């Protein structure tokens, strides 16, 4: 399972608000730092296990299920898909 | 507290090759010589991004009617905003499209009038349908996400299934099925456009089935016919809360229909900064918060859900922009809406002679 951003979805830095924002057709999401870290690895090449491992270097006690939960929520919002 | 705006609709022109009788542009269409220059638009777009705008919707009229569209898209994309094009598809050649994508266009919303060419061309008042099929194919080839926008009314509600099938064939990522909102030309033609109760009831299971069946492939959004609802729509998520619209001559509007509110003192982006207008103007502050609300709204526990409904609709139906949206069943003016719904309707057949087509 390799997540990636859906077509037309962009993760970018908003200098006005000093925040990471996710821009997509007809919408703006402000992901929290964890979701941002996950989204930055949604490239269609990195697996959930690899994302979990990468996050473990930044945060304590990261579990694959937590990463899957975040990705499922993002998929429901139509911004992430599985490849 | 007023927060920074998220979205800007840039109505580059009122000129349009289509003549849809439900057009949301005002009845008094602005002419080419009243439109802002390229430089004026660039300055406004820069200000908008500084103010916090993250999504820019280039709309009209037909925005492709502006030869400087690629330049404006490039400018906006370079500012870091997400660029959306709302188009009829007429005039969208492969070469033009590729230029727009190169300049940073991120998403296209393509309007469709009906399921088949005969009906669609009648509604558009011109031979437009085949151009849309070609445009959809070109857009898909670029890899950009495609939204298909359909305005629903009495003369196309019977084609709902066909319209959904067409959007699927076009490979749309999103399908917006929006019942007509009655402003501008649509208000003028309301008697002919208003769907019947039966049509709306028939649409429900069709929409629900499509949402389920197409989940993950095509997002289906259905905007209800608010006259038939018990409570008003949460219009713009509150006045001056998230969005602003700039008309072709630089007039800054809290919502695309706001020029309908004749009592509103509107500002122009060529004479005042967007920052001043967004935070400080009379027009943007007119219906912010709750102080302006009627007792009906102020004492209602839905006021945080629908913000009293649509200000433009309140003004157009009652003459008072601060009235409770008359769609609301708690509104003392609900009878106005019921009276309109009780007006007997003619059969659901589209006869252009019965409409006042947009010029």
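Residue numbers (the working numbering), protein chains in the order written: chain A, 4 to 86; chain B, 17 to 375.
Beta carbons are placed, not taken as given, at the ideal position from N, Cα and C, and that holds for glycine.
Since we're looking at a predicted model, the values are computed, not measured.
* Asked: Between which two residues does the alpha helix (DSSP H) harbouring residue 6/A extend?
  -> Here residue 6/A belongs to no alpha helix (DSSP H); instead the beta strand (DSSP E) covers 6-8.
* Can you pull the DSSP bridge partners for residue 44/B? -> Per DSSP, residue 44/B has no beta bridge partner at all.
* **C-alpha distance - residue 35/A paired with residue 370/B, whole-angstrom precision** => 54 Å
* Asked: Count the other CB atoms within 10 Å of the CB of residue 325/B; is the residue buried (16 or more) or exposed (fewer)?
  -> buried
* Asked: Listing by chain order, which chain A residues have their CB less than 7 Å from the CB of residue 161/B?
  -> 10, 11, 28
* Asked: Anyone know if the C-beta pair for residue 168/B and residue 189/B falls short of 8 Å?
  -> no
* Asked: In chain order, which continuous runs of the alpha helix (DSSP H) of length 4 or greater are located wholly inside the region 151-212 of chain B?
  -> 176-186, 200-204, 206-209
* To do: Verify the contact flag: residue 42/B, CB atom, against every heavy atom of the ligand MG, threshold strictly below 7 Å.
  => The ligand MG is not among the ligands present in this structure, which contains no ligands whatsoever.
* Enumerate in chain order the residues of its own chain whose CB-to-CB distance from residue 22/A is below 8 Å, with the five nearest sequence positions on each side excluded. => 16, 33
* Would you mind listing the alpha helix (DSSP H) stretches within the region 37-102 of chain B that are 4+ residues and don't spill past its ends, in chain order? => 54-67, 85-94
* Cβ distance (whole Å) where residue 193/B is taken to contact residue 238/B below 8 Å -> 5 Å
* To do: Please list the residues of the region 113-133 of chain B that have a C-beta atom closer than 7 Å to any C-beta atom in chain A, keeping them in chain order.
  => 122, 123
* Limits of the unbroken beta strand (DSSP E) element including residue 27/B -> 23-27
* **Same chain only: Cβ atoms within 6 Å of residue 58/B, ignoring 5 sequence neighbours per side** => Apart from sequence neighbours up to five positions away, the residues of its chain that approach residue 58/B with a beta-carbon distance below 6 Å are 91, ordered along the chain.
* Asked: Would you call residue 59/A buried or exposed, if buried means 16 or more other Cβ atoms sit within 10 Å of its Cβ?
  -> By the Cβ-count criterion, residue 59/A is exposed, with fewer than 16 other Cβ atoms from all chains shown falling within 10 Å of its own Cβ.
* Asked: In chain order, what residues of the same chain have a beta carbon less than 7 Å from the beta carbon of residue 67/B, not counting five sequence neighbours either side?
  -> 20, 21, 290, 291, 294
* Is any beta-carbon of chain B found at less than 8 Å from that of residue 20/A? -> yes
* Which of the residues in the region 68-85 of chain B, read from start to end, lie with their CB under 7 Å from any CB of chain A? -> 68, 70, 71
* With a Cβ-Cβ cutoff of 8 Å, do residue 247/B and residue 322/B count as a contact? -> yes
* Asked: Within the 8 Å Cβ cut-off, does residue 190/B reach chain A?
  -> By this cut-off, residue 190/B is an interface position.
* Note down the Cα distance separating residue 256/B from residue 26/B, rounded to an integer number of angstroms. => Between residue 256/B and residue 26/B, the C-alpha separation is close to 16 Å.
* To do: Kindly indicate the opening and closing residues of the alpha helix (DSSP H) around residue 255/B.
  => Here residue 255/B belongs to no alpha helix (DSSP H), and DSSP marks it neither H nor E.
* Asked: Counting along the chain, where does the alpha helix (DSSP H) carrying residue 54/A start and finish?
  -> Counting along the chain, the unbroken alpha helix (DSSP H) around residue 54/A starts and ends at 51-59.
* Asked: Looking at chain B, which residues of the region 65-80 of chain A have a Cβ within less than 7 Å of any of its Cβ atoms?
  -> none
* Given residue 173/B as reference, the closest of 136/B, 199/B, 271/B, 201/B once Cα atoms are compared -> 136/B
* residue 265/B by DSSP, collapsed to three states: which one? -> coil
* When we look at the beta-carbon of residue 143/B and count the other beta-carbons within 10 Å, is it buried (16 or more) or exposed? -> exposed
* Asked: In angstroms, rounded to a whole number, what distance separates the CA positions of residue 41/B and residue 204/B?
  -> 12 Å
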